[in-house]
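Residue numbers (our numbering): 6 to 592.
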């Protein structure tokens with residue numbers, strides 16, 4: 006897809022917005038609905054919206070960590086030219102996936118706009134009346150993001166050496182414009198859930214309050230973190246595929262390193278993801294208690310049990326890949342022996358997290374009391390303990406990996422190591438104590454203890470990691486990391502994790518939209534269409550599975566196009582790979 010085609014799609018979207026803006030006078034008595042080619046309008050919008058969000062998440066996240074890796078390589082150029090080449094190659098290899106994926110983002114976005122304005126004219130006219138100025142600003146930033154992306158990617162080889170700073174500046178602008186585009190779209194989505202800036206009749210009072218509604222910033226933070234996890238795991242899956250198809254040891258080494266880096270980025274952001282989700286949930290519950298009942302005790306409660314199981318697969322899979330990575334490092338047996346212990350801890354933590362308060366499968370069972378044991382694990386206090394300790398275990402796995410094949414040389418390393426692991430233990434004990442106290446405390450105190458658990462975890466991570474940086478400074482390398490030797494099952498795990506994160510993103514996208522029940526805009530504009538209401542959980546599972554397969558089919562097409570885009574004379578071409586990764590164990 007050419008740049009001109011992408012911009013043409015944006016122009017079509019602008020025309021659609023302009024065509025509808027004349028009739029935006031308010032929510033009206035009852036919204037009007039149309040069918041699109043006789044198909045279920047809600048289903049068509051659902052699929053188009055979810056596909057667009059997935060591609061948008063991918064093209065937003067990848068430039069963020071690709072730019073960071075490129076910057077690290079640029080800073081290392083004077084110290085180690087080989088390291089600089091490898092980092093630049095890795096950043097470019099990740100950026101290679103963007104142009105085709107960006108075109109698919111524009112296509113699915115234009116399709117979504119067409120379906121919304123055609124099938125829901127009164128609703129979209131109302132939204133245009135509320136957010137009219139942002140509907141004009143949004144495409145401008147989208148065009149700016151598009152131009153930065155193509156100049157950043159296609160100008161990579163030309164902007165080397167003394168002009169590298171200009172290339173990094175383009176990457177920075179790309180990320181700024183992309184984030185602004187996401188923030189604007191989030192204002193539309195969260196206004197439907199937590200409308201602000203309007204009176205009781207739904208008429209606009211303040212555009213600022215409509216944009217900065219109660220759910221806007223929590224969703225911005227949650228999506229920003231989730232998108233990075235999402236993009237990193239998809240890049241890891243691409244690297245795993247290239248590893249499995251590689252024909253040389255050098256290619257296998259580089260793509261093994263790429264997969265490891267993507268998984269490391271995903272693991273790091275996953276440490277913050279549950280808390281970003283809780284923050285968004287707290288704001289929803291504060292806005293309306295209906296959301297809390299619907300999500301945790303109503304029609305969507307079983308969905309969150311499924312979510313807990315899927316997230317458990319995601320976390321345990323990412324941790325399992327990390328533990329397999331120890332096999333790359335000779336002499337790491339001391340670290341490998343902790344893997345079974347950590348695995349049991351993760352499984353126990355997720356068992357608590359997935360335990361419902363009660364298992365009501367019928368009306369008769371719903372009138373009974375809580376289980377004498379499981380009922381105690383079904384409330385939020387023990388779940389907060391479980392998920393926070395799971396994150397402590399994941400972080401501890403990373404600390405062990407940093408030690409594998411390396412020996413500290415500082416004189417105080419024994420005392421420092423003892424202090425470091427003591428701090429990890431104290432962090433876990435304080436988190437547990439706060440959770441137990443919150444279990445017996447009133448609801449308002451319990452919420453505060455949950456916040457303190459997060460703060461304690463962050464303090465523990467920062468303190469021990471800073472200490473680890475000093476401990477491992479100048480560490481002696483006992484064994485080089487043998488990149489390219491990871492068992493093939495590790496790369497199959499990376500591909501599986503990509504499917505899991507896509508399916509999970511589709512599931513939670515449905516939860517965020519479905520929690521409004523029969524409202525287009527909660528409390529202001531009701532959904533009176535024939536498709537109003539929630540589908541069964543089985544139907545939801547089928548639809549999001551279909552969405553997942555469609556997304557991967559389109560993503561495979563984008564990856565295939567990226568593979569055809571290699572320039573034979575480029576320094577980033579597969580025939581001119583940089584030196585294989587051999588140093589240090591850490592990217």
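From the three backbone atoms N, C-alpha and C, an ideal C-beta is built for every residue, glycine too.
This structure is a prediction, so every number in the text was calculated from the model and none was measured.
| Check | Outcome |
| --- | --- |
| Backbone CA spacing between residue 248 and residue 100 [nearest angstrom] | 18 Å |
| C-beta atoms of residue 275 and residue 439 nearer than 9 Å | no |
| Candidates 206, 174 and 216, of which the one nearest residue 191 by Cα | 216 |
| Contact check, residue 220 vs residue 199, beta carbons under 9 Å | yes |
| Three-pair Cβ contact test at 8 Å for the stretch 508-523 versus the stretch 179-198 | yes |
| Which listed residue (168, 282, 124 and 382) has its alpha carbon closest to that of residue 40 | 124 |
| Alpha-carbon spacing of residue 458 relative to residue 452, whole angstroms | 10 Å |
| Continuous alpha helix (DSSP H) stretch holding residue 77: start and end | 46-81 |
| Beta strand (DSSP E) runs contained entirely in the stretch 424-481, provided each spans 3 or more residues | none |
| Sequence ranges, beta strand (DSSP E) only - wholly within the stretch 480-552, length at least 3 | 524-526 |
| Closest by C-alpha distance to residue 394, when choosing among 412, 408, 466 and 511 | 466 |
| Where the alpha helix (DSSP H) through residue 312 begins and ends | 306-329 |
| Identified DSSP bridge partners for residue 209 | 203 |
| Own chain, CB closer than 6 Å to residue 443, minus 5 neighbours either side, in chain order | 386, 451 and 454 |
| Element boundaries [alpha helix (DSSP H), containing residue 356] | 344-359 |
| C-beta atoms of residue 63 and residue 115 nearer than 9 Å | no |
| Counted within 10 angstroms of its Cβ, other Cβ atoms place residue 340 as buried (16 or more) or exposed | buried |
| Straight-line Cα distance separating residue 305 from residue 319 | 21 Å |
| Whole-Å CB distance - residue 553 paired with residue 511, under 8 Å assumed | 6 Å |
| Buried versus exposed, by CB contacts within 10 Å (16 or more), residue 324 | buried |
| Closest Cα partner of residue 482 within the set 176, 336 and 263 | 336 |
| Contact set for residue 461: own chain, Cβ-Cβ below 8 Å, skip 5 residues either direction | 432, 435, 436 and 439 |
| 9 Å Cβ cutoff met for residue 342 and residue 491 | no |
| Proximal residues to residue 476 (C-beta, below 8 Å), its chain only, five neighbours per side dropped | 413, 415, 418, 421, 422 and 425 |
| Inter-residue CB distance, residue 507 and residue 556 (contact presumed, cutoff 8 Å) | 6 Å |
| Residues bridged to residue 412 [DSSP beta-bridge criterion] | 481 |
| Proximity to residue 154 [Cα-Cα], best of 222, 104 and 189 | 104 |
| Buried or exposed by the 16-neighbour rule on C-beta atoms within 10 Å, applied to residue 161 | buried |
| Reduced DSSP secondary structure (H/G/I, E/B, other) of residue 384 | coil |
| Element boundaries [alpha helix (DSSP H), containing residue 247] | 221-250 |
| CA nearest to the CA of residue 358, picked from 205, 234 and 311 | 311 |
| Contact belief for residue 150 with residue 186 at Cβ below 8 Å, rounded distance in angstroms | 6 Å |
| Range covered by the alpha helix (DSSP H) that runs through residue 180 | 169-198 |
| Distance between beta carbons of residue 65 and residue 176, contact taken as under 8 Å | No, residue 176 and residue 65 are not in contact; Cβ-Cβ is about 13 Å, not under 8 Å. |
| For residue 41, the residue or residues it bridges with in DSSP | 44 |
| Reduced DSSP category for residue 34 - H, G, I as helix; E, B as strand; rest coil | The predicted position of residue 34 is uncertain, since its pLDDT is 45 and thus under 50; a value taken from the coordinates is nonetheless stated next. Three-state result, residue 34: coil. |
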